[in-house]
Amino acid sequence: MTHPAPIPWKPKSSRTDTMNTATLTREESRTDLYPSRGGMQSSIVPRTHPVVWAPAGTPAPVDQALISQYERDGFLVLRDVFSPQEVANLQAELDRLRHEAQADERPEIVTEKGSRQVRSIFKVHELSAVFARLAADQRLAGLASYLLGEDVYLHQTRLNYKPGFHGKEFYWHSDFETWHIEDGMPLPRALSISIALTDNTPHNGPLLVMPGSHKHYVVCEGETPPDNYQMSLQAQEIGVPSDENLHRLASEGGLVDTAGPAGSVLIFDSNLMHGSNSNITHLPRSNAFFVYNAVSNAVQAPFCQQPPRPEFIATRRNVSPLKIRSNRAEDFLPS
Ligand SMILES: O=C(O)CCC(=O)C(=O)O
1 MTHPAPIPWK PKSSRTDTMN TATLTREESR TDLYPSRGGM QSSIVPRTHP
51 VVWAPAGTPA PVDQALISQY ERDGFLVLRD VFSPQEVANL QAELDRLRHE
101 AQADERPEIV TEKGSRQVRS IFKVHELSAV FARLAADQRL AGLASYLLGE
151 DVYLHQTRLN YKPGFHGKEF YWHSDFETWH IEDGMPLPRA LSISIALTDN
201 TPHNGPLLVM PGSHKHYVVC EGETPPDNYQ MSLQAQEIGV PSDENLHRLA
251 SEGGLVDTAG PAGSVLIFDS NLMHGSNSNI THLPRSNAFF VYNAVSNAVQ
301 APFCQQPPRP EFIATRRNVS PLKIRSNRAE DFLPS
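What follows is the structure in structure tokens.
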């Protein structure tokens with residue numbers, strides 16, 4: 001396994017406004033350009049849409065070398081994006097929410113299989129003013145908006161706690177396959193930003209990625225059962241590529257672990273093949289995940305024969321452009 005060479009992160013602008021929105025016609029957004037499941041045989045087909053959607057000539061908020069790396073590999077790891085004080089404040093909010101969740105039973109709170117330990121908290125930007133500010137932070141949302149080439153909104157947000165000893169794996173998958181089939185997201189014009197809130201080490205289950213896999217669309221076998229999310233949030237079994245296809249992608253692009261100290265930021269394309277191992281160490285691997293989607297790529301009816309997943313997993317109501325803002329360390333103090 002190799003490690004990505006970090007390129008120093010240099011913010012170049014502090015854009016806090018919003019970009020224009022290009023719209024997809026209703027007909028375009030209802031054409032299933034990336035079919036999967038529903039009786040299909042597993043296969044790998046080319047992705048036919050861009051990775052970087054910024055119109056030519058738009059100044060990048062970071063070094064162009066980083067943008068080229070993202071386009072080629074489908075991900076970027078950035079260090080030192082947040083100050084130690086900001087990280088400490090975010091960690092305090094992470095702990096506060098976990099304590100609150102332990103005493104609560106809400107659909108947004110997912111526990112580990114066979115244990116009461118908190119695995120994930122969804123819709124965290126609505127549950128916490130601190131994480132709402134983090135998701136709208138110019139360092140994250142500004143970059144997402146540049147890469148997606150227009151205004152963005154939050155399709156999904158969550159904290160994945162991966163507690164020591166009990167945090168279970170996330171098996172290999174492309175998020176876009178699920179978001180397309182189960183949520184009706186028309187195009188791979190979305191990305192995730194994961195902020196490490198504890199140190200992610202090679203041992204505690206950091207995200208593993210297959211560089212270059214984002215340029216292929218992996219068709220998966222199987223049918224989407226009713227309420228699939230109830231199972232898939234604990235252990236994904238549908239929307240999982242065949243061993244043969246995973247073997248091919250890993251052989252071509254290799255495997256990279258995205259470990260980095262608390263405060264590291266991982267940006268990855270919606271169609272990048274990724275997953276992570278269980279955490280059998282004593283220390284948690286806790287990360288925030290924010291999914292940014294282009295406003296013109298808002299979800300429609302699912303492309304499987306099932307009702308839409310709940311709002312806490314896939315935003316349908318509030319798809320208006322995120323108001324990007326500059327924050328200070330104290331804006332991340334626990335609420
Ligand atoms: O937290 C992780 O390691 C993986 C998260 C992930 O892939 C997911 O939630 O879809």
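For the sequence shown, position 283 (counting from the first letter as 1) is numbered 283 according to this note's numbering, and the numbering increases by one without interruption. Cβ atoms here follow ideal geometry from the backbone N, Cα and C, with glycine treated the same way. Quick caveat, the model's predicted, so the values are computed rather than measured.
The beta carbon of residue 295 lies closer than 7 Å to those of 21, 150, 151, 152, 153, 319 and 321 in the same chain, with the five residues before and after it left out. With a threshold of 7 Å, the Cβ atom of residue 170 counts as near ligand 1, since some heavy atom of the ligand is closer than that.
In the DSSP assignment, the residues bridged to residue 153 are 293. Of the candidates 55, 50 and 146, the residue whose Cα lies closest to the Cα of residue 62 is 146.
Going by DSSP, residue 134 is part of no beta strand (DSSP E) but of the alpha helix (DSSP H) stretching over 129-135. Between residue 110 and residue 263, the gap from beta carbon to beta carbon reaches 8 Å or more.
Bounds of any alpha helix (DSSP H) do not take in residue 46; it lies within the beta strand (DSSP E) bounded by 43-46. Closest by C-alpha distance to residue 162, out of 173, 182, 199 and 178, is 199. In the structure shown, the three-state DSSP call for residue 325 is strand.
Excluding its 5 nearest sequence neighbours in each direction, residue 173 has C-beta neighbours in its own chain below 8 Å: 236, 239, 240, 241, 273, 274 and 275, listed in chain order. Scanning 285, 166, 315 and 220 for the CA closest to the CA of residue 114 turns up 166.
In this structure, the CA atom of residue 209 is about 24 Å from the CA atom of residue 123. Remark: the shortest separation between the CB of residue 113 and any heavy atom of ligand 1 does not fall under 7 Å.
DSSP lists 276 as the beta-bridge partner residues of residue 170. For residue 178, the three-state secondary structure derived from DSSP is helix. Pairing residue 119 with residue 108 gives a Cβ-Cβ distance that is not under 8 Å. Between residue 212 and residue 74, the gap from beta carbon to beta carbon is short of 8 Å. From the listed residues 288, 313, 326 and 267, the smallest Cα separation to residue 69 is found for 267. Two segments are said to touch when three or more pairs of C-beta atoms, one from each, lie closer than 8 Å; by this definition the stretch 306-315 touches the stretch 175-190. Listed in chain order, the non-local C-beta contacts of residue 277 below 6 Å within the same chain comprise 169 and 205, local neighbours out to five positions each way being set aside.
Note on residue 105: under 16 other CB atoms within 10 angstroms of its CB, so exposed under the neighbour-count rule.
Checking the 7 Å criterion, the Cβ of residue 74 is out of range of every heavy atom belonging to ligand 1. Looking at 43, 60 and 86, the one whose alpha-carbon comes closest to that of residue 195 is 86. Residue burial annotation: residue 59 is exposed, with fewer than 16 other C-beta atoms found within 10 angstroms of its C-beta. With contacts defined by Cβ atoms closer than 8 Å, residue 133 and residue 289 do not form a contacting pair. Per DSSP, reduced to three states, the secondary structure at residue 119 is strand. Per DSSP, residue 104 is not a residue of any beta strand (DSSP E), being assigned neither H nor E.
Exclusion of residue 268 from the 7 Å shell around ligand 1 follows from its C-beta lying no nearer than that to any non-hydrogen atom of the ligand. Contact check for residue 259 against residue 201 passes: the beta carbons are separated by less than 8 Å. Annotated as proximal: residue 221 and residue 41, with beta-carbon spacing under 8 Å. DSSP, read as helix, strand or coil, puts residue 218 in strand. DSSP lists 120 and 287 as the beta-bridge partner residues of residue 160.
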